[in-house]
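Residue numbers (my numbering): 722 to 925.
Note that beta-carbon positions come from the ideal geometry of N, C-alpha and C, so glycine has one too.
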């Protein structure tokens, strides 16, 4: 067994299955019936490198910086992935390779306004009630923030399980996905930057 680094780690029941009971019947949990939780694995130490870190795979965002980009300015770009089960799923990233902990102060100061801009742009889609945003940083070192659009009135999709619902819901038709992408890119373009998904692309 790996030498465990903290008291938290030492009290966990490795190789055992946790009970799903605390989740069952919750308003946002999308499963019912008999569920089996996978056994808890021991920690992997040292942690394996992420993409972009020394010893890891090359950073995919830096290797192909324009892939999936629908809008950008001098500091940020927004990528849209789909068609997905939700009306819109996107990632906001700095154009330069930074982690969250080493974002320059001047760039960090623009992050809050950018979150607001992106969320407001996504809410222009008529099927969207609210926009969730989350940061998962275990796959790539390059800082990225996810945006997931909750469909209007779909209260069951609130909370952390919205990402699971995205995988399970029927995928959007291609033309609807393209229209949503263009709408969001155009809304962001109104306040500056370049909308790459418009035909022709537009900048200001």
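- In terms of CA proximity to residue 848, 897 leads the group 782, 897 and 918.
- About 5 Å separates the Cβ atoms of residue 799 and residue 813, confirming a contact at the 8 Å cut-off.
- If you draw a straight line from the Cα of residue 844 to the Cα of residue 879, it is about 15 Å long.
- Taking the Cα positions, residue 874 is about 31 Å away from residue 740.
- Here residue 925 is exposed: its Cβ has fewer than 16 other Cβ atoms, across all protein chains shown, within 10 Å.
- In its chain, beyond the 5 residues on either side, 787, 790, 791, 792, 793 and 906 have a beta carbon closer than 8 Å to the beta carbon of residue 917.
- When Cβ pairs closer than 8 Å are counted between the two stretches, the region 820-839 is seen not to touch the region 730-749, the count staying below three.
- The beta carbon of residue 840 is closer than 6 Å to those of 852 in its chain, skipping five residues each way along the sequence.
- Using a Cβ-Cβ distance cut-off of 8 Å, the region 853-867 and the region 766-784 are in contact, since at least three pairs of beta carbons, one from each stretch, lie closer than that value.
- Per the DSSP secondary-structure output, residue 855 pairs in a beta bridge with 867.
- Taking 8 Å as the cut-off, the Cβ atoms of residue 900 and residue 808 do not count as close.
- No Cβ-Cβ contact shorter than 8 Å links residue 752 with residue 877.
- According to the DSSP assignment, residue 782 belongs to the alpha helix (DSSP H) that extends over 781-784.
- Residue 857 counts as exposed, since fewer than 16 other C-beta atoms from the protein chains shown sit within 10 angstroms of its C-beta.
- With contacts defined by Cβ atoms closer than 8 Å, residue 734 and residue 766 do not form a contacting pair.
- The residue among 746, 779 and 763 with its C-alpha nearest the C-alpha of residue 756 is 746.
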